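Accompanying notes for the structure given below.
There are 2 protein chains.
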Amino acid sequence: MNRVKLLLEYDGSNYHGFQIQKNADTVQARLEEAIFRLSGERVVMICAGRTDAGVHALGQVVAFNTEASIPGERWAFAVNTFLPADIQVLNSQYIHASFNPRFDALSKRYIYRILRSKEHKVFNRNHALCIHENLDVGLMQEACGFFIGRHNFRAFCASGSSAKTFERLVSKCCLIETGNRLDMEIEANGFLYNMVRIIVGTLLEAGRRKYPPSHIKEIIASRDRTLAGPTVPPQGLYLAEVKYNNTEK
Amino acid sequence: MNRVKLLLEYDGSNYHGFQIQKNADTVQARLEEAIFRLSGERVVMICAGRTDAGVHALGQVVAFNTEASIPGERWAFAVNTFLPADIQVLNSQYIHASFNPRFDALSKRYIYRILRSKEHKVFNRNHALCIHENLDVGLMQEACGFFIGRHNFRAFCASGSSAKTFERLVSKCCLIETGNRLDMEIEANGFLYNMVRIIVGTLLEAGRRKYPPSHIKEIIASRDRTLAGPTVPPQGLYLAEVKYNNTEK
C-alpha cells in the first residue's frame with residue numbers, strides 16, 4: 001500500500017465546497033470519482049483545508065491510500081484524465097503512510113481578492129468581490145498589521161463553529177494593490193471558521209473609515225464576533241498554499 | 250423616438266455568440282429581453298461585431314430605437330437591473346438616428362489571450378488558450394509586424410464566409426508578454442470571418458519555428474487559406490474596443 005499526496009487547484013464556482021456530501025456536487029466527490037475510474041479503488045481522502053461553496057484553491061493538498069502500481073509523479077497526469085476542466089492536479093508524489101494533510105500542515109496561506117472597478121466585473125463575478133466604492137487603502141494596509149502575531153481570534157470566528165481553542169498565530173497579513181485589484185494575503189498556523197472572510201470584512205470597515213486601524217486591537221481583545229466586520233462573500237477567497245516540513249516536501 | 254447606444258462587456262462562456270438565434274441562448278436575446286422587461290418594447294438591435302460562441306467582449310457597442318423616456322446615461326443602470334451577471338452595460342447615451350454601430354465603426358480592436366502555464370488553467374479555461382509548450386515569443390513578435398498594413402487577407406478568412414472583398418487595413422498588431430500570459434492585440438478597419446483566430450494560429454506556428462516570420466509575407470500573398478495556420482479556439486478572443494468618429498463619441 002502507498003500513500004499519495006496530490007497538490008491541486010480548482011475553480012470552486014460550480015461546487016458546493018470541497019467536502020463530499022449527499023445530493024450536492026463537491027470537489028472531493030469529483031476527485032474520488034476520478035480515482036475510482038482510474039484505479040477501481042474507493043479511497044478515503046483527507047484534505048488540508050475544507051473550502052466552502054464558491055471558494056477556490058491554488059494549492060489544496062489531499063492524501064489517500066492506494067494499491068495501484070502507478071509511479072508517484074504519474075498520478076497527476078493520470079487523475080487529470082478523469083477530472084473536469086475546473087479541477088486539476090498540479091503535482092503528485094508518494095509520501096509516508098502517516099501523512100495527514102490537515103494536521104501535519106505548519107501553516108496555510110489564503111488570498112482574498114477585491115476588484116474595485118465597474119469594468120471587468122463580468123469576468124470576475126465568481127472570482128473576486130467586486131465593489132465600486134471609495135476605500136482608503138492606506139488605512140486598510142495599516143489595519144492588516146494588527147492581525148499579525150499570536151492572538152485569540154474568537155471575534156473573527158463564525159458562530160456555530162466547533163472550534164475549542166481560538167488562539168492562532170498569524171505570520172503574514174498584507175494587502176497588495178495592483179491597479180484596480182486588491183489582494184489580501186494572510187498566513188497562519190490555522191484558521192477558525194470564516195476567519196479570513198471576517199478579517200476582510202473588518203479591513204473594509206477600516207477602509208471606509210468606520211473606525212481607525214488601531215481599533216482592530218480592541219476588536220481582537222473583545223473576543224466578540226458582533227464587533228468585527230461582516231463576513232464577505234466566498235467568491236474572492238483562494239486557498240493559496242499549505243506548508244509542511246521539508247521532509248514532507 | 251430616440252436612438253440608444255450602449256457600450257457593454259460580456260463573458261461569452263455561457264452563450265452561443267452574440268446574435269439572436271432559435272433554441273440557443275445568446276447575448277442579443279438576453280439584451281433584448283432585458284430591454285423588454287424594462288420598457289415593454291421589442292427592439293431591433295444592431296451590434297458592432299457579431300462575436301462567435303465563447304468569444305468575449307470588453308467593449309461591444311449596440312444601438313436600438315426607443316420611445317421610453319429614460320435619460321440617456323440612465324439606460325446603463327436600468328438595463329443592468331435586468332441582465333444576468335455575465336453581461337453588463339458599462340455606458341449608455343442617446344445618439345443620432347442614423348447611427349449604425351457596425352458600418353459607422355472606423356476600426357475595431359481585438360485581444361487574443363494565451364496562457365503558457367500548467368498552473369491557473371482552471372481559472373483560465375474559458376478565457377484564454379492554455380498551452381504549455383515552448384514558444385519563441387521573439388519570433389512571434391517579429392511575425393506580428395508582417396500583418397500591419399493594407400493587405401488582401403483572403404488566406405486568413407474562414408471558408409464559407411460571405412465576404413466580397415478581402416482587403417483590410419491592419420493598423421496595429423503586437424504581442425505583449427506579461428509573466429506566463431501572452432496577449433495579441435490587433436486593430437483594423439474591419440475583420441474577415443475568423444481572421445483574428447487564424448492570425449493567432451499562424452503566429453503560433455512561427456513561434457514553434459515551423460517557418461521564419463518573414464514567411465508571413467508569402468502566406469498573405471498566396472491568398473490561400475490552407476497555407477495559414479489553424480483557427481485557434483474562441484475562448485481566448487475578446488472584442489476589446491470599437492472606434493467611431495468623435496462626433497459619435
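Residue numbers (the numbering used here), protein chains in the order written: chain A, 1 to 249; chain B, 250 to 498. We put the CB at the ideal spot given by N, CA and C, even for glycine. As the structure is a computational prediction, the values presented were derived from the model and not from experiment.
Would you mind sorting His132 (chain A) into buried or exposed? The rule is 16 or more other CB atoms within 10 Å of its CB. Looking up residue 132 (chain A) in the first sequence gives position 132. Flag for His132 (chain A) reads exposed.
Contacts around Phe156 (chain A), its chain only, beta-carbon distance under 7 Å, and the 5 residues preceding and following it disregarded: Mapped onto the first sequence, residue 156 (chain A) falls at position 156. Here the set comprises Leu192, Met195, Ile198, Ile199 and Ala228.
Here's the rule I'm using: 16 or more other beta-carbon atoms within 10 Å means buried, otherwise exposed. How should Asn193 (chain B) be labelled? Here chain B has residues from 250 to 498 only, and residue 193 (chain B) is not among them.
Since Tyr112 (chain A) and His56 (chain A) are thought to touch, with beta carbons under 8 Å apart, how far apart are those beta carbons, to the nearest angstrom? Start at 1 with the first residue of the first sequence, and residue 112 (chain A) comes out as number 112. Start at 1 with the first residue of the first sequence, and residue 56 (chain A) comes out as number 56. With a Cβ gap of about 11 Å, Tyr112 (chain A) and His56 (chain A) do not count as contacting.
Check the Cβ of His376 (chain B) against every Cβ in chain A and list those closer than 9 Å, keeping chain order. Position 127 of the second sequence holds residue 376 (chain B). Chain A residues near His376 (chain B): Phe123.
Could you pull out every residue in the same chain whose Cβ sits closer than 7 Å to the Cβ of Ile70 (chain A), ignoring the five residues on either side in sequence? Within the first sequence, the letter at position 70 stands for residue 70 (chain A). Closer than 7 Å at Cβ, skipping near neighbours: Ala78.
Cβ distance (whole Å) where Glu41 (chain A) is taken to contact Arg109 (chain A) below 8 Å: As a working note, residue 41 (chain A) is residue 41 in the first sequence. As a working note, residue 109 (chain A) is residue 109 in the first sequence. So it is not a contact: roughly 31 Å between Cβ atoms.
Touching or not, the region 45-65 of chain A and the region 7-21 of chain A, by the rule of three or more beta carbon pairs under 8 Å? yes
Using a Cβ-Cβ distance under 8 Å, would Tyr259 (chain B) count as near chain A? For this step, residue 259 (chain B) is matched to residue 10 along the second sequence. Chain A, which has a Cβ nearer than 8 Å to the Cβ of Tyr259 (chain B), makes this yes.
Is the region 160-168 of chain A touching the region 95-110 of chain A, taking contact as three or more C-beta pairs under 8 Å? no
So, is the C-beta of Gln88 (chain A) closer than 8 Å to a C-beta in chain B? Translated into positions along the first sequence, residue 88 (chain A) becomes position 88. Yes, because at least one Cβ of chain B sits closer than 8 Å to the Cβ of Gln88 (chain A).
Rounded C-alpha distance that separates Arg270 (chain A) from Ala128 (chain A): Nothing about residue 270 (chain A) can be read from this structure; chain A reaches only from 1 to 249.
In chain A, which residues lie with their C-beta within 9 Å of the C-beta of Ala334 (chain B)? On the second sequence, residue 334 (chain B) is found 85 positions in, with the first residue counted as 1. Within 9 Å Cβ-Cβ: Lys121, Val122, Arg125 and Asn126.
Check this for me: beta carbons of Ala143 (chain A) and Leu203 (chain A), under 8 Å apart or not? Here residue 143 (chain A) refers to the residue found at position 143 of the first sequence. Here residue 203 (chain A) refers to the residue found at position 203 of the first sequence. In contact: Ala143 (chain A) and Leu203 (chain A) (Cβ atoms closer than 8 Å).
Which residue wins for smallest C-alpha separation from Leu31 (chain A), given the options A:Ile114, A:Trp75 and A:Leu106? Numbered from its first residue, the first sequence carries residue 31 (chain A) at position 31. Minimum Cα distance to Leu31 (chain A) is reached at A:Trp75.
Taking CB distances under 8 Å as the criterion, tell me whether Lys118 (chain A) reaches chain B. Residue mapping note: residue 118 (chain A) aligns to position 118 of the first sequence, counting from 1. It does; some Cβ of chain B falls within 8 Å.
Residue from B:Met294, B:Ile465, B:His464 and B:Ile425 with nearest C-alpha to Asn314 (chain B): Against the second sequence, residue 314 (chain B) aligns to sequence position 65. Nearest C-alpha to Asn314 (chain B): B:Met294.
Presumed contact (8 Å Cβ cut-off) between Asn272 (chain B) and Arg365 (chain B), rounded CB distance: Translated into positions along the second sequence, residue 272 (chain B) becomes position 23. Translated into positions along the second sequence, residue 365 (chain B) becomes position 116. With a Cβ gap of about 37 Å, Asn272 (chain B) and Arg365 (chain B) do not count as contacting.
By DSSP's criteria, Thr520 (chain B) is part of a beta bridge. Which residues make up the other side? Missing from the structure shown is residue 520 (chain B); chain B here goes from 250 to 498 and no further.
Beta-carbon proximity of Phe153 (chain A) to Cys173 (chain A), cut-off 8 Å: Position 153 of the first sequence, counted from the first residue, corresponds to residue 153 (chain A). Position 173 of the first sequence, counted from the first residue, corresponds to residue 173 (chain A). It is not a contact, given that the beta carbons lie outside the stated cut-off.
Note down the Cα distance separating Lys370 (chain B) from Gly54 (chain A), rounded to an integer number of angstroms. The residue labelled residue 370 (chain B) in the question sits at position 121 within the second sequence. The residue labelled residue 54 (chain A) in the question sits at position 54 within the first sequence. About 17 Å.
Contact check, Phe103 (chain A) vs Arg37 (chain A) under 8 Å by CB: the rounded distance? Along the first sequence, read from residue 1 onward, the residue named residue 103 (chain A) stands at position 103. Along the first sequence, read from residue 1 onward, the residue named residue 37 (chain A) stands at position 37. Not quite, the Cβ-Cβ distance comes to about 29 Å (not below 8 Å), so this is no contact.
Just checking my contact of Ala278 (chain B) with Ile269 (chain B) at CB under 8 Å: how many whole Å lie between their CB atoms? Taking the second sequence and counting its residues from 1, one reaches residue 278 (chain B) at position 29. Taking the second sequence and counting its residues from 1, one reaches residue 269 (chain B) at position 20. With 8 Å as the limit, Ala278 (chain B) and Ile269 (chain B) qualify as a contact, their Cβ atoms being about 5 Å apart.
Are there 16 or more other CB atoms within 10 angstroms of the CB of Ala470 (chain B), so buried, or fewer, so exposed? If you number the second sequence from 1, residue 470 (chain B) lands on position 221. Result: exposed.
Output the boundary residues of the beta strand (DSSP E) element that contains Lys492 (chain B). Within the second sequence, numbered from 1, the residue matching residue 492 (chain B) stands at position 243. That run of the beta strand (DSSP E) goes Leu486 to Lys492.
Please report how far the alpha carbon of Arg208 (chain A) lies from the alpha carbon of Asp335 (chain B), in whole angstroms. In the first sequence, counting from the first residue as 1, residue 208 (chain A) sits at position 208. In the second sequence, counting from the first residue as 1, residue 335 (chain B) sits at position 86. In a straight line, the C-alpha of Arg208 (chain A) is about 28 Å away from that of Asp335 (chain B).
Beta-carbon within less than 8 Å of Arg472 (chain B)'s beta-carbon, same chain only, minus the 5 sequence neighbours each way: which residues are those? Position 223 of the second sequence holds residue 472 (chain B). Around Arg472 (chain B): Asn401, Arg403, Ala404 and Phe415.
For the beta strand (DSSP E) that Ser341 (chain B) lies in, which residues bound it at each end? One-based indexing of the second sequence puts residue 341 (chain B) at position 92. Where Ser341 (chain B) is concerned, the enclosing beta strand (DSSP E) stretches over Ile336 to Ile344.
Would you identify the three-state DSSP class for Ser420 (chain B), choosing helix, strand or coil? The sequence position of residue 420 (chain B) within the second sequence is 171, counting from 1. Ser420 (chain B) falls in the strand class under three-state DSSP.
For Arg358 (chain B), report the span of its alpha helix (DSSP H) as first-last. Locating residue 358 (chain B) in the second sequence gives position 109, counting from the first residue. Unbroken run through Arg358 (chain B) is the beta strand (DSSP E), Ser356 to Leu364; no alpha helix (DSSP H).
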